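Asks: To start, I am sharing the structure in question, which I have written as structure tokens.
There are 2 protein chains.
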Amino acid sequence: MDKIKDKLKNSNYRITGQRSAILEVMMDNRGKHLSAEEVLAEARKTVPNIGIATVYRTLEKLASIEVLYKTRFDEGCYRYELSDEGIHQHHHIICLECGQITEMEDDFLNTLEQQLEDRGYQIIDHELKIYAYCPSCRKKV
Amino acid sequence: MDKIKDKLKNSNYRITGQRSAILEVMMDNRGKHLSAEEVLAEARKTVPNIGIATVYRTLEKLASIEVLYKTRFDEGCYRYELSDEGIHQHHHIICLECGQITEMEDDFLNTLEQQLEDRGYQIIDHELKIYAYCPSCRKKV
DNA sequence: TCCATAATGATAATGATTATCAATATCTGG
DNA sequence: CCAGATATTGATAATCATTATCATTATGGA
Numbered sequence: 114m115d116k117i118k119d120k121l122k123n124s125n126y127r128i129t130g131q132r133s134a135i136l137e138v139m140m141d142n143r144g145k146h147l148s149a150e151e152v153l154a155e156a157r158k159t160v161p162n163i164g165i166a167t168v169y170r171t172l173e174k175l176a177s178i179e180v181l182y183k184t185r186f187d188e189g190c191y192r193y194e195l196s197d198e199g200i201h202q203h204h205h206i207i208c209l210e211c212g213q214i215t216e217m218e219d220d221f222l223n224t225l226e227q228q229l230e231d232r233g234y235q236i237i238d239h240e241l242k243i244y245a246y247c248p249s250c251r252k253k254v
Numbered sequence: 114m115d116k117i118k119d120k121l122k123n124s125n126y127r128i129t130g131q132r133s134a135i136l137e138v139m140m141d142n143r144g145k146h147l148s149a150e151e152v153l154a155e156a157r158k159t160v161p162n163i164g165i166a167t168v169y170r171t172l173e174k175l176a177s178i179e180v181l182y183k184t185r186f187d188e189g190c191y192r193y194e195l196s197d198e199g200i201h202q203h204h205h206i207i208c209l210e211c212g213q214i215t216e217m218e219d220d221f222l223n224t225l226e227q228q229l230e231d232r233g234y235q236i237i238d239h240e241l242k243i244y245a246y247c248p249s250c251r252k253k254v
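Top to bottom, those sequences are chains A and B. Residues in the first sequence are numbered consecutively from 114, following my numbering. Residues in the second sequence are numbered consecutively from 114, following my numbering.
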């Protein structure tokens with residue numbers, strides 16, 4: 114938390130009650146992927162009259178300094194998750210039935226990336242989304 | 114083209130001038146990822162007063178019968194591409210500088226998918242996006 | 001050809017996100 | 001610790017992509 118706040122300060126961003134509340138929401142929901150509206154609802158428990166614009170602005174800033182990771186899952190809205198520092202790989206298994214999103218670790222893509230580097234690409238990040246039925250939904254079907 | 118039209122008919126969709134025009138646009142741009150607005154602009158060369166609603170409706174229908182593949186690249190809008198039949202894997206390299214999207218073939222993920230199947234998942238589709246600088250943009254930077 | 005009905009174009013409505021702006025809060029330097 | 005420069009906020013209007021509505025038109029099977 115303090116490390117993140119330092120990061121904010123170093124980027125000339127001020128620490129406000131709203132920003133702390135939003136940060137706390139994101140840390141309390143580590144591993145989950147929240148929409149701006151969901152963050153708003155949570156944050157209002159601490160800062161009742163925080164506005165949606167502030168939520169968007171803050172999430173955007175936090176994503177810009179890589180405290181959050183921003184993505185979308187073939188829905189209308191963006192989702193944000195706390196990004197473990199230094200990790201630039203996002204692998205998700207999305208259940209087509211219940212919508213549950215599971216994070217997945219793997220280093221399968223290292224070889225692939227190596228091949229692309231050999232071909233002159235400079236890889237910055239990647240994102241793998243697997244659409245599937247999760248074990249419990251599969252049973253139901 | 115005719116095979117696709119049969120597919121449309123089998124789904125109880127009528128073949129109209131607008132739909133043919135949109136199909137033609139998509140086939141003329143095989144391998145490219147077009148937004149609804151881009152399809153509209155192209156289609157108007159054949160059907161000058163086609164409306165954007167029709168474009169959306171048609172793209173949606175074509176995607177629903179898997180003639181098109183619909184995705185978004187961390188932009189505001191969806192993009193559509195002609196999907197080679199039976200191919201349910203979409204691997205893209207997106208250049209962070211010029212925005213060029215390159216399609217990539219590989220079977221790296223087969224092993225990974227096998228492991229997930231072993232854990233009870235039923236994989237339907239997957240999508241891999243690699244964000245990078247392409248060889249020519251890399252030189253410029 | 002006729003006719004049930006699917007499709008169209010124009011446009012209003014929606015939903016997510018961004019921009020605007022006056023009021024307020026933060027933080028640095030004295 | 002206070003003042004002042006300025007970053008931030010909330011409310012709300014604006015924007016952008018997409019979807020819904022609806023009266024009119026076109027399609028294709030009988």
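C-beta atoms are modelled at their ideal positions from N, C-alpha and C, and glycine is treated no differently. A quick note: this is a predicted structure, and the numbers were derived from the prediction, not measured.
Using the Cα positions of Gly164 (chain A) and His203 (chain A), report the straight-line distance between them to the nearest angstrom.
Replies: On the first sequence, residue 164 (chain A) is found 51 positions in, with the first residue counted as 1. On the first sequence, residue 203 (chain A) is found 90 positions in, with the first residue counted as 1. Going by the C-alpha atoms only, they are around 29 Å apart.
Asks: Does the Cβ of Ile207 (chain B) have 16 or more other Cβ atoms within 10 Å, making it buried, or fewer, making it exposed?
Replies: The sequence position of residue 207 (chain B) within the second sequence is 94, counting from 1. Per the 10 Å Cβ criterion, buried.
Asks: What residues in its chain sit with their C-beta under 8 Å from that of Ala245 (chain B), if we drop five residues either side in the sequence?
Replies: Translated into the one-based positions of the second sequence, residue 245 (chain B) becomes position 132. Around Ala245 (chain B): Ile206, Ile207, Cys208 and Leu209.
Asks: Within its chain, find whatever has a CB closer than 7 Å to the CB of Gln213 (chain B); leave out the 5 residues flanking it on each side and keep chain order.
Replies: For the purposes of this step, residue 213 (chain B) is taken as residue 100 along the second sequence, with counting starting at 1. Excluding sequence neighbours, Gln213 (chain B) sits near Cys247.
Asks: Using three-state DSSP, classify Lys158 (chain A) as helix, strand or coil.
Replies: Position 45 of the first sequence, counting from 1, holds the residue named residue 158 (chain A). Coil.
Asks: Is Thr129 (chain B) helix, strand or coil when you go by DSSP?
Replies: Stepping through the second sequence from its first residue, residue 129 (chain B) is reached at position 16. In the structure shown, Thr129 (chain B) sits in coil (DSSP, three-state: anything other than H, G, I, E or B).
Asks: Roughly how many whole angstroms lie between the Cα atoms of Ser133 (chain A) and Thr184 (chain A)?
Replies: Residue mapping note: residue 133 (chain A) aligns to position 20 of the first sequence, counting from 1. Residue mapping note: residue 184 (chain A) aligns to position 71 of the first sequence, counting from 1. Answer to the nearest angstrom: the Cα atoms are 22 Å apart.
Asks: Can Glu240 (chain B) and Lys242 (chain A) be called in contact, C-beta distance under 8 Å?
Replies: Translated into the one-based positions of the second sequence, residue 240 (chain B) becomes position 127. Translated into the one-based positions of the first sequence, residue 242 (chain A) becomes position 129. Yes. Within cutoff.
Asks: Establish whether the CB of Lys242 (chain A) and some CB of chain B are separated by less than 8 Å.
Replies: Looking up residue 242 (chain A) in the first sequence gives position 129. Yes, because at least one Cβ of chain B sits closer than 8 Å to the Cβ of Lys242 (chain A).
Asks: Mind listing, in chain order, the continuous beta strand (DSSP E) runs of no fewer than 3 residues lying wholly within the region 156 to 195 of chain A?
Replies: As summarised for the region 156 to 195 of chain A, the continuous beta strand (DSSP E) elements at least 3 residues long and confined to that stretch are 181 to 184 and 192 to 195, given in chain order.
Asks: Using a Cβ cut-off of 8 Å (strictly closer), state whether Ile236 (chain A) contacts chain B.
Replies: Taking the first residue of the first sequence as position 1, residue 236 (chain A) is located at position 123. Yes, because at least one Cβ of chain B sits closer than 8 Å to the Cβ of Ile236 (chain A).
Asks: Threshold first: 4 residues or longer. Then list the alpha helix (DSSP H) segments lying entirely within the region 209 to 241 of chain A, N to C.
Replies: 222 to 231
Asks: Would you give the residue range spanned by the alpha helix (DSSP H) that Leu121 (chain B) belongs to?
Replies: Looking up residue 121 (chain B) in the second sequence gives position 8. Residues Asp115 to Asn123.
Asks: Within its chain, find whatever has a CB closer than 8 Å to the CB of Leu181 (chain A); leave out the 5 residues flanking it on each side and keep chain order.
Replies: Here residue 181 (chain A) corresponds to residue number 68 of the first sequence, with the count starting at 1. Cβ neighbours of Leu181 (chain A) beyond the five flanking positions: Met139, Leu172, Leu175, Tyr193, Glu194, Leu195 and Ser196.
Asks: Just checking: is the beta-carbon of Tyr246 (chain A) within a distance shorter than 8 Å of some beta-carbon in chain B?
Replies: If you number the first sequence from 1, residue 246 (chain A) lands on position 133. So yes, Tyr246 (chain A) belongs to the interface.
Asks: Less than 8 Å between the CB atoms is what I'm expecting for Ile237 (chain B) and Glu226 (chain B), so what's the real figure, rounded?
Replies: As a first step, residue 237 (chain B) must be located in the second sequence, where it is residue number 124. As a first step, residue 226 (chain B) must be located in the second sequence, where it is residue number 113. Going by Cβ atoms, the distance from Ile237 (chain B) to Glu226 (chain B) rounds to 10 Å, so no, they are not a contact pair.
Asks: Mind pulling the chain A residues with CB within less than 8 Å of Arg232 (chain B)?
Replies: Numbered from its first residue, the second sequence carries residue 232 (chain B) at position 119. The answer, in chain order, is Pro248.
Asks: Looking at the strands, I want to know which residues DSSP matches up with Ile206 (chain A).
Replies: The residue you call residue 206 (chain A) lines up with position 93 of the first sequence. According to DSSP, Ile206 (chain A) bridges with A:Thr215 and A:Ile243.
Asks: Let's test the definition: count the other Cβ atoms within 10 Å of the Cβ of Ala166 (chain A) and tell me whether it reaches 16, buried, or not, exposed.
Replies: One-based indexing of the first sequence puts residue 166 (chain A) at position 53. It is exposed - the Cβ of Ala166 (chain A) has fewer than 16 other Cβ atoms within 10 Å.
Asks: Check the Cβ of Leu229 (chain B) against every Cβ in chain A and list those closer than 9 Å, keeping chain order.
Replies: Locating residue 229 (chain B) in the second sequence gives position 116, counting from the first residue. Ordered by position in chain A, the residues that pass the 9 Å Cβ test against Leu229 (chain B) are Ile206, Met217, Ile243 and Ala245.
Asks: How many angstroms separate the CA atom of Leu229 (chain A) from the CA atom of Phe186 (chain B)?
Replies: In the first sequence, counting from the first residue as 1, residue 229 (chain A) sits at position 116. In the second sequence, counting from the first residue as 1, residue 186 (chain B) sits at position 73. So the alpha carbons of these two residues sit roughly 20 Å apart.
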